[in-house]
Amino acid sequence: MSEEFITFDKKSVSQTRLPTVTVETLNDLDASDLSEICDATEEAIDAGGGFGWISPPSRSVLENYWRGVLLIPERVLIVGKLDHVIAGSCQILKPPQNNEAQAFSCQLTTFFLAPWARGYGMAGQLVIEAENYAKSNGFHTINLDVRATQDRAIHSFETLGFSKIGTHPNYALIEGKYVAGYYFTKQI
Ligand SMILES: CC(C)(COP(=O)(O)OP(=O)(O)OC[C@H]1O[C@@H](n2cnc3c(N)ncnc32)[C@H](O)[C@@H]1OP(=O)(O)O)[C@@H](O)C(=O)NCCC(=O)NCCS
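Using our numbering, the first residue of the sequence shown is number 3, and each one after it goes up by one.
Dropping the structure here:
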């Protein structure tokens, strides 16, 4: 084998290496985590999928949002990392303690990935991690809602066994126009 061929082969291997995908439940965000999750949030909002935000708020608002998530006992933060950099997240939202009638169910919410982290299978891993958390904490059902325009998210939920149970015609108001939303559920 010639030296020239070996050099070419090494280069092509490094170019085609798949990034490492990891997901984890976090109880704390250090300064670097906070910076990364704010970057990912801004990028997702700019790309049109920022769990309610239509345009990115100031950095201090974003930082306070994420610090606040960790302070709320009903919220569980699950992050996804691509090559060890936080690229997106989802949250499990538990019902308040007074809601005994719905204590069996929780919500999957604020699910997003920065555009550069899409297409690597992280979305499915985040949802599975959320499901595992919910199951091991005694929940029997996960509910979620999503704008009808979020095709990738809808495809992911259907692939992962969520059933569409309803449509809200005026789910969100984007640039003066109503956008429909879909409601999904899954027994776990
Ligand atoms: C939803 C989101 C987290 C999914 O992450 P992702 O990395 O894009 O997910 P995937 O690459 O696994 O793609 C999801 C699926 O959609 C498919 N898909 C891609 N483009 C699509 C399109 N335009 N229409 C329908 N399906 C599409 C993919 O092929 C994949 O299906 P497969 O696993 O059967 O191949 C990400 O796209 C995102 O952050 N979107 C904006 C925010 C959002 O919609 N959040 C959900 C709110 S509940």
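Beta carbons are placed, not taken as given, at the ideal position from N, Cα and C, and that holds for glycine.
Could you tell me if residue i is buried or exposed, where buried requires 16 or more neighbouring beta carbons within 10 angstroms of its beta carbon?
i, result
"Ile-47", "buried"
"Tyr-180", "exposed"
"Lys-83", "buried"
"Arg-149", "buried"
"Lys-166", "exposed"
"Ser-91", "buried"
"Thr-169", "exposed"
"Glu-177", "exposed"
"Glu-76", "exposed"
"Met-3", "Only weak support is given to the placement of Met-3: the predicted model assigns it a pLDDT of 39, under 50, and the question is left unresolved by the model."
"Ile-39", "buried"
"Ala-182", "exposed"
"Ala-33", "exposed"
"Gln-99", "exposed"
"Ala-103", "exposed"
"Leu-175", "exposed"
"Gln-93", "buried"
"Gln-109", "buried"
"Arg-96", "For the record, residue 96 in the displayed sequence is Lys; it is not Arg. So Lys-96 ends up on the buried side."
"Ile-88", "buried"
"Phe-10", "With a pLDDT of only 37 at Phe-10, under the threshold of 50, the placement of this residue in the model should not be trusted; the figure read from the coordinates follows. So Phe-10 counts as exposed."
"Asp-85", "exposed"
Based on the DSSP output, what are the partners of residue i in its beta bridges?
i, result
"Arg-77", "Leu-95"
"Trp-55", "Gly-52"
"Glu-26", "Val-81"
"Phe-114", "Ser-91"
"Val-181", "Ala-174"
"Thr-18", "According to DSSP, which records beta bridges pairwise, Thr-18 is partnered with nothing at all."
"Thr-107", "In the sequence under discussion, the amino acid at residue 107 is Ser, which differs from the Thr named in the question. Ser-107 is bridged to Thr-143."
"Thr-187", "Asn-145, Ser-165"
Check the C-beta distance from residue i over to residue j and give it rounded, since I have them as a contact under 8 Å.
i, j, result
"Leu-64", "Leu-72", "Incorrect: roughly 14 Å between the Cβ atoms, too far for contact."
"Phe-164", "Thr-187", "7 Å"
"Tyr-122", "Pro-59", "Tyr-122 to Pro-59, Cβ: 27 Å. No contact."
"Thr-27", "Glu-131", "7 Å"
"Ser-107", "Phe-159", "Going by Cβ atoms, the distance from Ser-107 to Phe-159 rounds to 16 Å, so no, they are not a contact pair."
"Phe-114", "Gly-52", "7 Å"
Could I get the ranges of all uninterrupted alpha helix (DSSP H) runs contained in the region 118-176, with 4 residues as the minimum, in chain order?
The DSSP assignment places complete alpha helix (DSSP H) segments of no fewer than 4 residues inside the region 118-176 at 124-138, 153-161, in order along the chain.
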